[in-house]
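Residues are numbered in this note's numbering as their position in the first sequence, beginning at 1, plus a constant of 668.
What follows is a short report on a single structure.
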Amino acid sequence: MIPVNKLRTQTEMVRKSLEKRGWNQDRIAVIDEINALDDQRKNFQLQLDSSLNETRQLSAKIGELMKKGSVEEADQLKERIPQLKESIKELEEAFRNCKTELGDKLLTVPNALHDSVPFGKGAEDNEVYKDWQNDFPDIGEKPLPHWELAKKYNIIDFERGAFITGSGFPLFQGKGARLNRALINFFLDEAIDNGYLEIRPPFLVNEDSARATGQLPDKEGQMYFIQEDNFYLIPTGEVPITNIYRDVILKESDFPIRMVGMTPCFRREAGSYGSDVKGLNRVHQFDKVEIVHIEHPDKSYETLQKMLDHVEKLLIKLELPYRILRLCGGDLGFTSALTFDFEVYATAQKKWLEVSSVSNFEDFQANRLMLRYKDETGKTNLAHTLNGSALALARIVAAVLENNQCESGIKVPKVLRKYTGFDMID
RNA sequence: GGUGAGGUGGGUGAGUGGCUGAAACCAGCAGUUUGCUAAACUGCCGUACGGGUAACUGUACCGCGGGUUCGAAUCCCGCCCUCACCGCCA
669 MIPVNKLRTQ
679 TEMVRKSLEK
689 RGWNQDRIAV
699 IDEINALDDQ
709 RKNFQLQLDS
719 SLNETRQLSA
729 KIGELMKKGS
739 VEEADQLKER
749 IPQLKESIKE
759 LEEAFRNCKT
769 ELGDKLLTVP
779 NALHDSVPFG
789 KGAEDNEVYK
799 DWQNDFPDIG
809 EKPLPHWELA
819 KKYNIIDFER
829 GAFITGSGFP
839 LFQGKGARLN
849 RALINFFLDE
859 AIDNGYLEIR
869 PPFLVNEDSA
879 RATGQLPDKE
889 GQMYFIQEDN
899 FYLIPTGEVP
909 ITNIYRDVIL
919 KESDFPIRMV
929 GMTPCFRREA
939 GSYGSDVKGL
949 NRVHQFDKVE
959 IVHIEHPDKS
969 YETLQKMLDH
979 VEKLLIKLEL
989 PYRILRLCGG
999 DLGFTSALTF
1009 DFEVYATAQK
1019 KWLEVSSVSN
1029 FEDFQANRLM
1039 LRYKDETGKT
1049 NLAHTLNGSA
1059 LALARIVAAV
1069 LENNQCESGI
1079 KVPKVLRKYT
1089 GFDMID
């Protein structure tokens, strides 16, 4: 949620952001509505506070009189209470309604964008920030897509997964399962070597947590929900890991905070279809190693760059062809100020697969999390949050399988061999 | 799931209807003293939303939500959570 003060003091910047996101003037008008509502809210509060104050003072006087035994005088003062209460009730209601309406409107405003975010409508307008086009591997005359490789070498059983649960719940077995585990360990170890604190969080979260990181109300339909206990299955490790710092006031010396965690991710992916959902391209359950940073506002873009470097290094070590995109205004997530996507080329499918999304949320998430820090003057300010996948498993597995196939099997990337314990899937 | 106890400021913990936004202690910050260390002493030490150029000041918050009362941390109701024991169980 965008902080009201930011919206009020930097109105033009916010307006421009919404334009970049492709909002028309009619929609952008919420900004003015929010301004008006906020004025109203202050006005109600002023009236409410003064009425409450009057009541308190009256009560104090009544107390004194009672103590002195002047019961009649006290009763006289009491006579004024009903009218006061009546007006307090009305004001409270008006105040509450006003705040609710303001809150609802605020929830519809996406994050303000970083200056560098390009204009654009959708995925086709994303800027190629870094391309690596000459390095697609030679995988022979008749390369197989990963779902056929999976079958050929008996390492992923999509049918049985669908039988046990439903489509989109892949079952890894044998060397497939071990490859998956090897990747997880490789990613975690790389992050730990890089100074991250490893976290193993809960995989289900309550409503407050889902709201704080912005999954609610925005992406309600994307999450699996356990009705009986009011829990959501996490769609990403970002949710439980970032929520470690919900309602926290940090000292400046606590920065930087860097965490990494592997979690399964559960996504309903309602409305997806076609070749996008073939094999491992888009599944309902997958593992992901997520990095989360909490930063001082002055440092967050420097940090974003470091995160990009970290993710890029993983892909280089895995020897996968990748490119980096800077998302345009139309394709950027609701909560993000600037996002870079990493895509890996699945050579058999001839498809770019998104394997990481690295974002700076600035203070947007922190505002809902109530995650702040005290600066040297003692003032509390919102911190900045950032996160990124490092990396998302299922699609990386797909790319590893497709890009390393040869006549005799699938070669395991060198960096993974100490984790898998084998060099070939055959 | 059952029974019992409990949820107060960064921590420990007092507080059973008005003088309590909350004692005391610890931690933390600033200062005095001090050859250094230690100790002692003094002051400060919650958050949010408002008003005011400022000094300062209003309101709300003692797990959450309702209620009783002129007045609630304190009484009543519902919920949540924690702890202990029992049951069940990887």
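By construction, the Cβ of each residue, glycine as well, lies at the ideal position given by its N, Cα and C atoms.
What are the residues that DSSP puts in a beta bridge with residue i?
| i | result |
| --- | --- |
| isoleucine 1078 | Gln1073, Ile1093 |
| glycine 889 | Answer is none; glycine 889 lacks a bridge partner. |
| phenylalanine 954 | Cys933 |
| asparagine 765 | According to DSSP, asparagine 765 bridges with nothing at all. |
| lysine 757 | In the DSSP output, where bridge partners are listed per residue, lysine 757 has none listed. |
| tyrosine 900 | Val873, Phe893 |
| asparagine 949 | Asparagine 949 pairs with nothing; no bridge assigned. |
| serine 1057 | Glu958 |
| arginine 926 | His961 |
| leucine 918 | Tyr1041 |
| threonine 1048 | Lys1042 |
| isoleucine 867 | Gly929 |
Taking its Cβ as the centre, do 16 or more other Cβ atoms sit within 10 Å of residue i, making it buried, or is it exposed?
| i | result |
| --- | --- |
| leucine 1084 | buried |
| valine 739 | exposed |
| arginine 689 | buried |
| lysine 810 | exposed |
| glutamate 758 | exposed |
| glycine 737 | exposed |
| lysine 919 | exposed |
| lysine 710 | exposed |
| glutamine 744 | exposed |
| alanine 704 | exposed |
| threonine 833 | exposed |
| glutamate 1070 | buried |
| lysine 787 | The question names lysine, yet the displayed sequence has phenylalanine at residue 787. Counting Cβ neighbours within 10 Å, phenylalanine 787 comes out exposed, since fewer than 16 surround it. |
| alanine 1034 | buried |
| serine 940 | exposed |
| threonine 881 | buried |
| serine 1025 | buried |
| threonine 768 | exposed |
| threonine 971 | buried |
| lysine 1086 | exposed |
| glycine 829 | buried |
| glutamate 1075 | exposed |
| phenylalanine 804 | exposed |
| aspartate 1009 | buried |
| isoleucine 860 | exposed |
| threonine 1045 | exposed |
| glutamate 680 | exposed |
Throw me the rounded Cβ distance for the residue i and residue j pair, which I believe falls under 8 Å.
| i | j | result |
| --- | --- | --- |
| arginine 991 | valine 796 | 6 Å |
| leucine 752 | glutamate 741 | Contact doesn't hold; Cβ gap of about 18 Å is too wide. |
| tyrosine 913 | tyrosine 900 | In fact, because the Cβ distance is near 19 Å, the residues do not count as touching under 8 Å. |
| glutamate 958 | alanine 1058 | 7 Å |
| leucine 948 | proline 838 | 6 Å |
| histidine 964 | asparagine 1055 | Wrong, their Cβ atoms sit about 16 Å apart, outside the cutoff. |
| lysine 887 | phenylalanine 1090 | Not quite, the Cβ-Cβ distance comes to about 39 Å (not below 8 Å), so this is no contact. |
| proline 813 | glutamine 678 | Going by Cβ atoms, the distance from proline 813 to glutamine 678 rounds to 48 Å, so no, they are not a contact pair. |
| proline 903 | glutamine 890 | 6 Å |
| isoleucine 756 | leucine 720 | 6 Å |
| threonine 1007 | leucine 995 | 4 Å |
| leucine 993 | asparagine 794 | 4 Å |
| leucine 865 | arginine 926 | 7 Å |
| glutamate 760 | leucine 716 | 6 Å |
| leucine 770 | aspartate 706 | 6 Å |
| glycine 1077 | glutamate 937 | That belief does not hold up - the Cβ atoms of glycine 1077 and glutamate 937 are roughly 31 Å apart, past 8 Å. |
| arginine 868 | glycine 929 | 6 Å |
| lysine 789 | glycine 942 | About 21 Å separates the two Cβ atoms, so there is no contact after all. |
Following a CB-centred definition, is residue i positioned closer than 7 Å to any heavy atom of the ligand NAD?
| i | result |
| --- | --- |
| leucine 851 | This structure simply doesn't include the ligand NAD, nor any ligand for that matter. |
*Check whether the region 1062-1075 touches the region 1030-1050, counting contact only when three or more Cβ pairs, one atom from each stretch, lie closer than 8 Å.*
Under the 8 Å Cβ criterion, the region 1062-1075 does not count as touching the region 1030-1050, having fewer than three qualifying pairs.
*Hey, which unbroken runs of the beta strand (DSSP E) at 3 residues or more fall wholly within the region 779-851?*
Segments of the beta strand (DSSP E) lying fully in the region 779-851: 795-798.
*At least 3 beta-carbon pairs within less than 8 Å: the region 865-881 vs the region 899-912*: By the Cβ rule, the region 865-881 counts as touching the region 899-912, because three or more pairs are nearer than 8 Å.
*How do the region 777-792 and the region 973-985 stand: do at least 3 beta-carbon pairs fall below 8 Å, yes or no?*
Too few Cβ pairs lie closer than 8 Å, so no.
*Where in the region 958-1029 do unbroken runs of the beta strand (DSSP E), each at least 3 residues long, occur, reported from the N-terminal end onward?*
Taking only runs of at least 3 residues, the beta strand (DSSP E) segments lying wholly in the region 958-1029 are 990-994, 1006-1014.
*Flag this pair as touching only if the region 811-819 and the region 1025-1039 have three or more C-beta atom pairs under 8 Å; answer yes or no.*
Contact between the region 811-819 and the region 1025-1039 is absent: fewer than 3 CB-CB pairs across the two stretches fall below 8 Å.
_Entirely enclosed alpha helix (DSSP H) segments - the region 719-752, minimum 4 residues_ = If one requires a minimum length of 4 residues, the alpha helix (DSSP H) runs lying completely within the region 719-752 are 739-746, in chain order.
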